[in-house]
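Protein chains in written order, with the numbering used here: chain A, 12 to 294; chain B, 9 to 242; chain C, 133 to 386. For glycine and all other residues, C-beta sits at the position ideal for the given N, C-alpha and C. Predicted, not measured: the structure shown is a model, and the values here were computed from it. First comes the structure, then the notes that go with it.
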Amino acid sequence: MRRALPRRAALGLCLAGLAPPAGAQPRSVLLASTTSTEQSGLFRHLLPLFTRQTGIAVRVVALGTGQALDVARRGDADAVLVHDPEAEARFVAEGHGIGRRAVMRNDFVLVGPAADPARIAGMRDAAAALRRIAAARAPFVSRGDRSGTHGAELALWRAAGLDPAAAARDGRWYRALGQGMGPTLNAAAAQEAYVLSDRGTWLAFRNRGTLRLLVEGDPRLRNPYSVILVNPARHPHVRHADARALADWLVSPEGQRAIADYRIGGEPLFLPDALPEADGQPP
Amino acid sequence: MEDFGTAFAIALRLIGSGDPALLGIVRLSLAVSAAAVLLAALVGLPLGALLAVARFPGRRAVIVALNALMGLPPVVAGLAIYLLLSRSGPLGGLGLLFTPAAMVLAQAVLIAPILAALSRQVLAAMWEEYAEQLRSFGAGPWRAVPTLLRDGRFALATVLLAGFGRASAEVGAVMIVGGNIEGFTRVMTTAIALETAKGDLPLALALGAVLMAIVLAVNAAVQLLRDAAARRAA
Amino acid sequence: MLLRPPGATGGAAEGPRCASILPLRVAGLRYAAGGQKILRGVDFTIAAGLPTLVVGPNGAGKSVLLRLLHGLLVPQAGRVAWAAPPEEARRRQAMVFQRPVMLRRSALANVAYPLALAGLPRTERAARARAALARVGLAHLAERPARRLSGGEQQRLALARAAALAPEVLFLDEPTANLDPAATRAVEAIVRDIAAAGTKVVMTSHDLAQARRLAGDVLFLHRGRVVEHAPAERFFAAPRAPEAAAFLRGELLA
Ligand SMILES: Nc1ncnc2c1ncn2[C@@H]1O[C@H](COP(=O)(O)OP(=O)(O)O)[C@@H](O)[C@H]1O
Ligand SMILES: [Mg+2]
């Protein structure tokens, strides 16, 4: 047993080494958000500005919108920043979230192989473009992961009068992956398939292969992001004050300007979208 | 081939640059996996030694269970620990989810069965040699366990290295329970997964090369220390 | 004084100590393994005094007999009865195997290990282990890894390890089987020292000259039976059993 002592001491040292340096970041907020915001590089641009001002570190766990909301439902996050208006409304109605505010938006784009077998390049009507893809039975990959992007894609299929579930059953051309945006784009590049992506991830994506942006600008392709605080009445341990500070900053003129400033190759990825009166519902 | 060349060049540049973010990730990877190995060793090695030494009813069942646990998919282990550590779970009060401690726990759960099974094999051979002599000294199985662990320490160092390799290569479980939070719970493997997701395949591959280099260096260092110590000891 | 007389000062294991664990009475001892009858009914009594040499050709069952006496094997029939309760008898005996197992530690740590098991306080252990090493002429190799010693040195280390416990009875299984003449002489000198210090040595050997040099009495074992048990002088002068006589003439090899 004597021998076990130094070993235990070593373990203690090791675990101590894992702890964040004491006093360096006394305050932190856990933000459950989406892969699109993280992988587009927005957070890396945005959050240090907030931390520098407030001393509050922001820890981002990037998941699909559905998963992010689930994590928050279990009380494992202090706030969420997501993009699925229907799911967000449900989350608030269930009493898990409070103070939902619009923060920003970008839009979805239809991406596909340069050869464009369904001939959709340049179309303005996204639903009509999906109908052509279906008619041509051209390969289409879907997130299939209950993310905001997945929700938007399903709504678009409905608008086109098509049932993607049936398409998934009947044929090989519609492929639901159950993956994040990046892996889905990787798969589309490898399979020369069409895919619906948020613009931010598409712009930041490196492994495009023959993929090209084919359809954009349809009003139905709008992609709004909201911030929601986890309800401290439900989950008393959440760091509510710091989470509120983050949300307030995101919709403040300063936060909005920082969002507008984030560009890749000169192109803005997100448009600030906060309403002037801070507690209003998103559009 | 071009991809590999690019990746290799990036890897060299990354290592050479001493990028503080990368260093942080490397340091966390090493600390998490080392702590996981220590934690798992506290359970796995005595269990392995006991299984090598003792004959008790249910021993075979324990061995079969260990072998099955070796095949436990990391994602399943991660999910189970996630549900345990979640604020809505039984251990939620600890507030460990999405922290390095949760990642240590996940990796330890994954490698403890490996350490137990491998150490059982190593120590069973030694026990065959020692058993009669220790019985003559009046040492029962319980007393034999620490003796075997001590005298088998050089062979067990290799077992621990195997555990370390497996722990540091793991991605599914630490992703779930750590959350891959930049600057806090991002380790080499989750960083690689993230860069892959972003489509930056050369960078992902380069990080993979860095990880390999680290694991290689740790292995070489431990083997050298081990051999030096073994030369001095028995 | 080379070794503590066990009766007088107490062995490694402290505690209440009755007069002696000897004599050892063995009756009707049978042992079989692997479908082979190895001991076929063995009876004898071993009393305190000069070494008892268990002699017989290879495969006679000498090693098995020693393991039975030491309690490492359980007989199918018969009894191994000490003059003390089994627990205490167990504590006051030690054994050196034909192929001694060296722990993966220094020579000194090898000697200290059973002392620790016997409950000797840490401070006493090292001193006692060093003294035991010195008695077998290994003081200068105390820090050397035991497994890197020569065969003769390992055998002496094994003797020191067992003798350090100051057992009342010490079983030695062919302690010189694989040694050259010089190493054999060294080991025999140590055995004599141990016996002179009051420890009862029970030792197997297939070497008659060695038995003549060391034995107080001889137990002649042949094909799993004690064919003759006699004082050494009598045994070597006039063996009664024909197998013993043949063995002494060098005719009986198995
Ligand atoms: N565990 C065992 N299983 C089967 N046979 C054994 C076992 N141990 C010893 N024997 C056999 O018993 C006989 C006596 O062995 P042993 O006591 O070692 O002889 P020796 O007198 O040379 O020391 C030998 O034939 C040996 O092969
Ligand atoms: Mg023998």
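With respect to chain B, the C-beta atom of Gly193 of chain A has a partner C-beta closer than 9 Å. Counting of Cβ neighbours within 10 angstroms places Ala176 of chain A among the exposed residues, the total staying below 16. A Cβ of chain B is located within less than 9 Å of the beta carbon of Met227 of chain C.
Buried is the label assigned to His202 of chain C, since at least 16 other Cβ atoms lie within 10 Å of its Cβ.
For Leu291 of chain C, there is no enclosing beta strand (DSSP E); the enclosing alpha helix (DSSP H) has its first and last residue at Gly283 to Ala295. Note: Gln168 of chain C is bridge-paired with C:Ala165 in the DSSP secondary-structure output. Taking CB atoms only, Asn117 of chain A has no neighbour in chain B less than 9 Å away. Residues of chain A with a Cβ closer than 7 Å to the Cβ of Gly187 of chain B are, in chain order, Val72. Between Pro189 of chain C and His338 of chain C, the C-beta spacing is below 9 Å. With a threshold of 16 other beta carbon atoms within 10 Å, Gly180 of chain B meets it and is buried. Note on geometry: alpha-carbon atoms of Ala124 of chain B and Arg63 of chain B lie some 16 Å from one another. Distance from the CA of Ala378 of chain C to the CA of Ala370 of chain C, rounded to the nearest whole angstrom, comes to 12 Å. For the 9 Å CB-CB criterion, Gly86 of chain B and Ile122 of chain B do not form a contact. At the C-beta level, Pro96 of chain A and Ser237 of chain A come within 9 Å of one another. Scanning chain C for C-beta atoms nearer than 9 Å to the C-beta of Gly146 of chain B yields Ala145, Arg222, Arg223, Pro246, Leu249 and Ala250, reported in chain order. In the assembly as shown, Phe281 of chain A is a buried residue. Its beta-carbon has 16 or more other beta-carbons within 10 Å. Taken atom to atom, the span from the alpha-carbon of Ala149 of chain A to that of Trp184 of chain A is near 6 Å.
Counting C-beta atoms within 10 angstroms of its own C-beta, Ser158 of chain A has 16 or more neighbours from the protein chains shown and is therefore classed as buried.
When C-alpha distances from Val72 of chain A are compared across B:Phe16, B:Gly32 and B:Ile184, the shortest belongs to B:Ile184. The closest heavy atom of ligand 2 lies less than 8 Å from the beta carbon of Lys194 of chain C. Pairwise C-beta distances place the stretch 207-227 of chain B out of contact with the stretch 147-160 of chain B, as fewer than three of them are shorter than 8 Å.
Cβ atoms of Ser96 of chain B and Leu105 of chain B stay farther apart than 8 Å, at about 10 Å. Ranked by Cα distance from Val212 of chain C, the first of C:Ala328, C:Thr331, C:Pro307 and C:Arg157 is C:Arg157. A direct Cα-to-Cα measurement between Ala113 of chain A and Arg219 of chain A gives close to 31 Å.
Of A:Ala68, A:Leu42 and A:Leu121, the smallest CA-CA separation from Arg231 of chain A is found for A:Leu121. Annotation for Ser41 of chain B: Gln115, Phe172, Ala175 and Ser176 place their beta carbon closer than 7 Å to its own, counting only its chain and skipping 5 residues before and after.
Between Gly276 of chain A and chain B, the shortest Cβ-Cβ separation is not below 9 Å. Here Phe12 of chain B is exposed, its C-beta having fewer than 16 other C-beta atoms within 10 Å. Counted as a single uninterrupted DSSP element, the beta strand (DSSP E) harbouring Gln225 of chain C occupies residues Gln225 to Val228. In the DSSP assignment, Leu280 of chain A falls outside any alpha helix (DSSP H) and carries neither an H nor an E.
Contact of Gly207 of chain B with chain A by beta-carbon distance below 8 Å involves Gly193, Leu196, Asn197, Ala200, Phe216, Arg217, Asn218 and Arg219. Nearest in C-alpha terms to Asn234 of chain A, of all of A:Ala200, A:Arg217 and A:Arg210, is A:Arg210.
In this structure, the CA atom of Val186 of chain C is about 12 Å from the CA atom of Pro363 of chain C. In this structure, the CA atom of Leu225 of chain A is about 50 Å from the CA atom of Asn227 of chain B. A straight-line Cα-Cα distance of about 39 Å links Arg70 of chain A and Ala171 of chain A. When the alpha-carbon of Val153 of chain B is set against those of B:Thr166, B:Ala132, B:Leu224 and B:Gly103, the nearest one is in B:Ala132.
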